[in-house]
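These notes are about the structure you will find just below.
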């Protein structure tokens with residue numbers, strides 16, 4: 001899967017874009033996907049990348065490159081499965097809509113909403129499925145129609161943070177510094193120096209962090225420091241890692257930050273957050289968070305009473321950055337579904353029978369695909385499988401990716417048209433999963449697989465296992481026109497044996513010691529029984 005992140009660093013600005021996109025790249029690489037990371041503008045971002053370190057995993061890596069990506073004209077070079085754009089400069093996304101399976105545009109202030117609405121409502125011929133990513137929650141404050149809203153990821157839970165931030169235990173963190181100050185890459189007017197000078201008049205301890213593009217007077221200060229563990233009350237750091245920034249934030253009682261990614265990091269780690277607005281593109285972010293009572297905006301000159309605990313700043317912080325992997329997974333599933341539908345346009349057929357539908361796995365939404373993984377990993381289901389280990393998201397995605405190339409297997413999620421009660425009091429339409437493996441159309445036979453949704457409550461009249469089996473027989477005998485349908489079951493699974501025999505399957509033979517169980521370092525083998533059913537329409 002080709003994943004491409006496109007961002008910018010213009011005239012010493014834009015490092016906030018680079019930083020948050022780099023954190024998103026970490027998520028994809030951690031999931032085993034390579035990421036092309038293109039930065040337009042100038043190459044000063046490379047100092048930031050060098051400080052943060054190369055992103056590499058066991059199976060994948062991120063590849064940063066200075067490139068005017070908006071000038072690429074070769075469609076073959078433009079193609080990607082997932083394209084993510086973070087730019088305030090580029091307004092024409094047509095080439096990327098035409099060359100990507102999934103296009104995600106960062107939208108901090110609602111500027112791309114009309115584009116999204118037009119693309120969704122017109123259902124035009126653009127290839128890509130378009131999404132907007134809004135980290136500050138702006139869209140959660142708006143009234144948006146449901147068909148548009150499903151294309152928007154909005155809220156602090158999608159904030160893109162360095163993974164180190166999640167490992168910090170702030171409940172036991174010693175708040176050694178009275179103030180932490182970081183104005184990111186937007187400090188061309190050297191506001192950091194002005195704040196530091198004012199805080200010196202009344203603050204007992206101050207930590208200031210400036211970025212790689214900072215050229216101000218603090219670089220000549222006697223307080224400039226390169227030891228992150230220094231105990232000096234007044235310290236200034238230049239171009240340090242995000243992990244080091246997080247460490248310093250977690251030790252501060254109050255922080256003064258600009259908008260952008262540093263504001264989300266501050267919210268995650270610091271109890272009292274003050275924001276100073278240095279750019280118009282930060283207006284929406286800062287005002288949205290202030291309305292939620294999460295921060296307080298300040299202006300210069302600073303008041304000596306700033307360190308007092310104001311009631312207007314909430315210390316009850318919401319979940320920040322908790323859904324970034326879910327976001328990445330959903331993009332992967334959307335790109336995957338696009339590929340599956342393109343490759344399986346003829347073979348990916350759904351089926352209906354008596355108020356129930358069987359949806360080919362190639363046609364499922366991200367939500368349905370993830371629900372299936374939850375069902376399959378439930379102890380009640382997996383302990384009755386040949387492979388009883390827990391399946392990871394990555395393994396599940398890899399399995400789905402293999403489906404277009406597998407002519408000998410088909411998998412279906414069976415849904416009821418009616419709402420069904422679950423054991424936790426909710427409702428669902430999912431009855432269970434059925435499958436056909438080892439499909440042999442030449443000899444007209446296949447092996448079935450079946451498991452019920454483990455969260456379903458018992459129904460007074462519906463026999464879910466029977467419903468699933470009826471759908472299996474309908475597909476096998478009416479669509480595939482099979483002569484024989486086989487199944488294998490472990491001899492000790494008496495519940496399943498009784499069910500299959502009740503459904504009309506007959507015993508055909510035994511695979512001696514065909515099933516291995518290893519518990520408490522003890523290895524045992526059980527017989528596997530072969531059952532079968534003839535196509536009743538051919539008898």
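In full-length UniProt numbering, the protein residues as written are 1 to 539. We treat Cβ as the ideally placed atom computed from N, Cα and C, and that holds for glycine. Remember, predicted model here, so these are calculated numbers, not experimental data.
| Asked | Found |
| --- | --- |
| Alpha carbon to alpha carbon, how far is residue 402 from residue 182? | 47 Å |
| How many angstroms separate the CA atom of residue 165 from the CA atom of residue 473? | 52 Å |
| Which ranges would you report for the beta strand (DSSP E) in the region 100-148 if only whole runs of at least 3 residues count? | 100-106 and 129-134 |
| Spatial neighbours of residue 32 within its chain, please: CB distance less than 6 Å, with the 5 preceding and 5 following residues excluded, ordered by chain position. | 59, 60 and 394 |
| When you compare the CB positions of residue 412 and residue 434, do they come within less than 8 Å of one another, or not? | yes |
| For residue 26 versus residue 68, is the C-beta spacing smaller than 8 Å? | no |
| Got a sec? Which residues, its chain only, sit under 6 Å from residue 382 by beta carbon, not counting five neighbours each side? | 388 |
| So, for residue 170: in the same chain, excluding its five sequence neighbours on each side, which residues have a beta-carbon less than 7 Å away from its beta-carbon? | 250 and 269 |
| Since residue 297 and residue 286 should fall inside the 8 Å C-beta cutoff, what is the C-beta to C-beta distance between them, to a whole number of angstroms? | 6 Å |
| What does the alpha-carbon distance come out to for the pair residue 147 and residue 508? | 52 Å |
| Span of the beta strand (DSSP E) holding residue 486? | 484-490 |
| Compare the Cα-Cα distances from residue 178 to each of 237, 306, 168 and 46 and report the closest residue. | 306 |
| Quick one: complete alpha helix (DSSP H) runs, 4+ long, within the region 452-483? | 464-473 |
| Quick check on the DSSP output: the beta strand (DSSP E) that includes residue 529 runs from which residue to which? | 522-534 |
| DSSP three-state call for residue 493: helix, strand or coil? | coil |
| Taking contact to mean at least 3 C-beta pairs separated by less than 8 Å, is the region 251-262 in contact with the region 219-238? | no |
| Keeping to the same chain, check which residues put their C-beta closer than 8 Å to that of residue 79; ignore five residues upstream and five downstream. | 2, 99 and 100 |
| Go ahead and pull the three-state DSSP assignment for residue 290. | helix |
| Please classify residue 192 as buried or exposed, where buried requires at least 16 other C-beta atoms within 10 Å of its C-beta. | buried |
| Can you tell which of 29, 34, 5 and 9 has its C-alpha closest to the C-alpha of residue 21? | 5 |
| Residue 379 by DSSP, collapsed to three states: which one? | helix |
| Using the Cα positions of residue 81 and residue 96, report the straight-line distance between them to the nearest angstrom. | 11 Å |
| My parser needs the alpha helix (DSSP H) runs of 4 or more residues fully inside the region 28-110; what are they? | 45-52, 75-78 and 94-99 |
| Short of 7 Å in beta carbon distance, which residues of its chain neighbour residue 527, apart from the five on each side in sequence? Order them along the chain. | 491, 510, 511, 512, 513 and 514 |
| Leaving out five residues before and five after residue 336 in sequence, what residues of the same chain have Cβ atoms less than 7 Å from its Cβ? | 397, 400 and 401 |
| For residue 305, which beta-bridge partners are listed by DSSP? | Residue 305 pairs with nothing; no bridge assigned. |
| Alpha carbon to alpha carbon, how far is residue 105 from residue 9? | 17 Å |
| For a quick check, are the C-beta atoms of residue 338 and residue 120 less than 8 Å apart? | no |
| Can residue 431 and residue 414 be called in contact, C-beta distance under 8 Å? | yes |
| Use the C-beta contact count for residue 132: other C-beta atoms within 10 angstroms, 16 or more gives buried, fewer gives exposed. | buried |
| Would the region 218-230 and the region 256-273 be scored as touching if the rule is three or more Cβ pairs under 8 Å? | no |
| Residue 47 and residue 212 - do their beta-carbons sit closer together than 8 Å? | yes |
| Helix, strand or coil for residue 411 per DSSP? | strand |
| Within 10 angstroms of the Cβ of residue 453, are there 16 or more other Cβ atoms? Answer buried if so, exposed if not. | buried |
| Which residues bound the alpha helix (DSSP H) around residue 439? | No alpha helix (DSSP H) contains residue 439, which is instead part of the beta strand (DSSP E) from 427-440. |
| Does residue 17 come out as helix, strand or coil in the three-state DSSP assignment? | helix |
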